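Chains as they are written, first to last, in my numbering: chain H, 1 to 171; chain R, 172 to 317. Think of the CB as a built atom: it goes at the ideal place given N, C-alpha and C, for glycine as much as any other residue. Quick caveat, the model's predicted, so the values are computed rather than measured.
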């Protein structure tokens, strides 16, 4: 888990692509001329966009083929965090097939806008275990991710709960 | 952080309900599109062989965060842009290709604080069988009265 965090430059195209993927047609997410005339004064990101910071997270274990090198050498690989910047810690060695995203919460301090150069830091929250009927022993762990602007002001706080299950869970 | 509200607290009442179909017959293409946009490339969401043979699921399934993103549309289409203070869900059940999802929001509480009103919404999204897939809540700040 990154101590000094990683950089997340918020970009209009990334917001537009994310909004498209969640079926949005709201112009506040892509149309700069329209957005400028609203009280918001410009494009903003949709409520769950912070999760796309995973693209910039050097420790993110669910990325595709592209690797961003860590900004500083790390003593040991960080435990995987499901859902990346907004995902709960799965625990070291957890298999891709057994990590589930249990809960996700966002706290919004100010709108996230294109052009913002955010710093993302993560810390561990609570962790606990539960016996599940469908998934065997389930390990829960909370990850708290803070998105701050260059002045250190909070933009978004993301709290996620990752679950590592004993076996495949079919809902 | 006033955002661009679509309505004020005077036009909302505890118990008000809003429903919207979020997606009909969810495609694998949309799941892949979400993987690309979000950066979550867990093969369980796009690789059918991995999901079924290696992981033992019936097929690939949607990212929980895709369902959360889709569900957020109910809130922003209803309340406005940039008005949310909090939004959280629990992922209750997987969402599969072919699913049709409907979200329902219910006003639980309205608290007037000066010229602003804090609205608490309970939210739940169900699949075509009526089973909940996510459930959660949101808090929005709206003008007390316009």
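- [ ] Determine which residues of the stretch 256-272 of chain R have a Cβ less than 8 Å from any Cβ of chain H, and write them out in chain order.
- [x] The residues in question are 256, 257, 258, 259, 260, 261, 262, 263, 264 and 265.
- [ ] Measure the CB-CB distance between residue 288 (chain R) and residue 297 (chain R) and report whether it falls below 8 Å.
- [x] Along the second chain, one-based indexing puts residue 288 (chain R) at 117. Along the second chain, one-based indexing puts residue 297 (chain R) at 126. No, Cβ-Cβ distance for residue 288 (chain R) and residue 297 (chain R) is not below 8 Å.
Task: Contact list for residue 122 (chain H) against chain R, beta-carbon separation under 7 Å - done: Walking along the first chain from the start, residue 122 (chain H) turns up at place 122. In chain order: nothing, as chain R lies at least about 15 Å away.
Open item on the list: 8 Å is my cut-off, CB to CB: does residue 237 (chain R) come that close to chain H?
Closed with: If you number the second chain from 1, residue 237 (chain R) lands on position 66. Output row for residue 237 (chain R): interface = yes.
TODO: Using a Cβ-Cβ cut-off of 8 Å, state whether residue 125 (chain H) counts as contacting chain R.
DONE: Taking the first residue of the first chain as 1, we reach residue 125 (chain H) at position 125. Not closer than 8 Å to any Cβ of chain R, the Cβ of residue 125 (chain H) fails to qualify, so no.
Task: Top-ranked residue by Cα proximity to residue 133 (chain H), from H:166, H:113, H:34 and H:33 - done: By one-based count along the first chain, residue 133 (chain H) stands at place 133. Ranking H:166, H:113, H:34 and H:33 by Cα distance to residue 133 (chain H) puts H:166 first.
Task: Paired residues, beta bridge with residue 16 (chain H) - DSSP - done: In the first chain, residue 16 (chain H) corresponds to position 16, counting from 1. None; residue 16 (chain H) has no bridge partner.
Task: Own chain, CB closer than 6 Å to residue 125 (chain H), minus 5 neighbours either side, in chain order - done: One-based indexing of the first chain puts residue 125 (chain H) at position 125. Hits under 6 Å: 142 and 144.
- [ ] Would you kindly report the start and end of the unbroken alpha helix (DSSP H) that includes residue 33 (chain H)?
- [x] For this step, residue 33 (chain H) is matched to residue 33 along the first chain. Unbroken alpha helix (DSSP H) run through residue 33 (chain H): 32-36.
Open item on the list: At 3 residues or longer, what runs of the beta strand (DSSP E) sit wholly inside the stretch 94-153 of chain H?
Closed with: 99-108, 117-132 and 136-148
TODO: Name the two residues that bound the continuous beta strand (DSSP E) containing residue 288 (chain R).
DONE: Sequence index remark: in the second chain, residue 288 (chain R) carries index 117 (1-based). 287-297 is the extent of the beta strand (DSSP E) around residue 288 (chain R).
Open item on the list: Out of R:251, R:236 and R:253, which one is the CA nearest neighbour of residue 306 (chain R)?
Closed with: Position 135 of the second chain holds residue 306 (chain R). The residue with the shortest Cα to Cα distance from residue 306 (chain R) is R:236.
Task: Neighbouring residues, chain H, relative to residue 314 (chain R) (Cβ below 7 Å) - done: Residue mapping note: residue 314 (chain R) aligns to position 143 of the second chain, counting from 1. What residue 314 (chain R) touches in chain H: nothing, since even the nearest Cβ is about 11 Å away.
Open item on the list: Run through the DSSP bridge pairs and tell me what residue 202 (chain R) is partnered with.
Closed with: For this step, residue 202 (chain R) is matched to residue 31 along the second chain. None; residue 202 (chain R) has no bridge partner.
- [ ] Identify, in the order they occur along the chain, each residue of the same chain with its Cβ nearer than 6 Å to the Cβ of residue 107 (chain H), setting aside the five sequence neighbours on each side.
- [x] Taking the first chain and counting its residues from 1, the one referred to as residue 107 (chain H) is at position 107. Within the same chain, residue 107 (chain H) has close Cβ partners 157.
- [ ] Closer than 7 Å by beta-carbon distance: list the chain H residues that pair up with residue 194 (chain R), in chain order.
- [x] Here residue 194 (chain R) refers to the residue found at position 23 when the second chain is read from its first residue. Here the neighbours are 23.
- [ ] Tell me the start and end of each unbroken alpha helix (DSSP H) in the stretch 201-280 of chain R that is at least 4 residues and wholly inside, in chain order.
- [x] 235-250
Open item on the list: I'd like to know whether the C-beta of residue 114 (chain H) is nearer than 8 Å to at least one C-beta of chain B.
Closed with: Here the protein chains are H and R, and chain B is not one of them.
- [ ] Put residue 49 (chain H) into one of helix, strand or coil per three-state DSSP.
- [x] The sequence position of residue 49 (chain H) within the first chain is 49, counting from 1. Correct three-state label for residue 49 (chain H): helix.
Task: Own chain partners of residue 258 (chain R) with C-beta closer than 7 Å, once the 5 adjacent residues on each side are dropped - done: The count along the second chain starts at 1 and reaches residue 258 (chain R) at position 87. Excluding sequence positions up to five before and after residue 258 (chain R), its CB lies within less than 7 Å of the CB of 243, 246 and 309, all in the same chain and listed in chain order.
Task: Where the beta strand (DSSP E) containing residue 183 (chain R) begins and where it ends - done: Counting from 1 along the second chain, the entry for residue 183 (chain R) is found at position 12. Segment: none, residue 183 (chain R) is in no beta strand (DSSP E) and carries neither H nor E.
Open item on the list: Check whether the stretch 8-20 of chain H and the stretch 34-42 of chain H are in contact - that is, three or more C-beta pairs closer than 8 Å.
Closed with: Between the stretch 8-20 of chain H and the stretch 34-42 of chain H there are fewer than three C-beta pairs closer than 8 Å, too few to call the two in contact.
Task: DSSP-derived helix/strand/coil call for residue 7 (chain H) - done: Counting from 1 along the first chain, the entry for residue 7 (chain H) is found at position 7. Reduced to three states, the DSSP call for residue 7 (chain H) is strand.
Task: Beta-carbon contacts of residue 291 (chain R) that lie in its chain and below 7 Å, excluding the five residues immediately before and after - done: Mapped onto the second chain, residue 291 (chain R) falls at position 120. For residue 291 (chain R), where only same-chain residues beyond five positions count, the Cβ hits under 7 Å are 279, 280, 308 and 310.
TODO: Could you please give the first and the last residue of the uninterrupted beta strand (DSSP E) stretch that includes residue 307 (chain R)?
DONE: Stepping through the second chain from its first residue, residue 307 (chain R) is reached at position 136. Residue 307 (chain R) -> beta strand (DSSP E) spans 303-314.
Open item on the list: Give me the subset of the stretch 146-159 of chain H whose CB atoms are less than 9 Å from a CB atom of chain R, sorted by chain position.
Closed with: 159
Open item on the list: Tell me the DSSP secondary structure of residue 78 (chain H) in three-state form.
Closed with: Position 78 of the first chain, counting from 1, holds the residue named residue 78 (chain H). Bear in mind that a pLDDT of 42 at residue 78 (chain H), under 50, signals an unreliable position, so the number given afterwards is only what the model happens to contain. If DSSP states are grouped into helix, strand and coil, residue 78 (chain H) belongs with coil.
Open item on the list: Looking at residue 211 (chain R): is its Cβ nearer than 8 Å to the Cβ of residue 62 (chain H)?
Closed with: Reading the second chain from its first residue, position 40 is the one you call residue 211 (chain R). Reading the first chain from its first residue, position 62 is the one you call residue 62 (chain H). Yes, Cβ-Cβ distance for residue 211 (chain R) and residue 62 (chain H) is below 8 Å.
TODO: Report the partner residues of residue 24 (chain H) according to the DSSP bridge assignment.
DONE: Stepping through the first chain from its first residue, residue 24 (chain H) is reached at position 24. Residue 24 (chain H) pairs with nothing; no bridge assigned.
Task: Proximity winner among R:198, R:206, R:261 and R:270, relative to residue 301 (chain R) (alpha-carbon distances) - done: The residue given as residue 301 (chain R) occupies position 130 in the second chain. The residue with the shortest Cα to Cα distance from residue 301 (chain R) is R:270.
Task: Cβ neighbours of residue 260 (chain R) in the same chain (closer than 6 Å, five flanking residues each side left out) - done: Stepping through the second chain from its first residue, residue 260 (chain R) is reached at position 89. Excluding residues within five positions, the ones whose Cβ falls inside 6 Å are 239, 305 and 307.
- [ ] Closer than 7 Å by beta-carbon distance: list the chain H residues that pair up with residue 215 (chain R), in chain order.
- [x] Counted from its first residue, the second chain places residue 215 (chain R) at position 44. Going along chain H in sequence order, the residues near residue 215 (chain R) (Cβ under 7 Å) are 96 and 97.
Open item on the list: Short of 7 Å in beta carbon distance, which residues of its chain neighbour residue 148 (chain H), apart from the five on each side in sequence? Order them along the chain.
Closed with: Along the first chain, read from residue 1 onward, the residue named residue 148 (chain H) stands at position 148. These residues qualify, in order along the chain: 118, 119, 154 and 155.
Task: CB contact below 8 Å: residue 6 (chain H) versus chain R - done: As a first step, residue 6 (chain H) is located in the first chain; it is residue number 6 there, counting from the start. Not one chain R Cβ lies under 8 Å of residue 6 (chain H).
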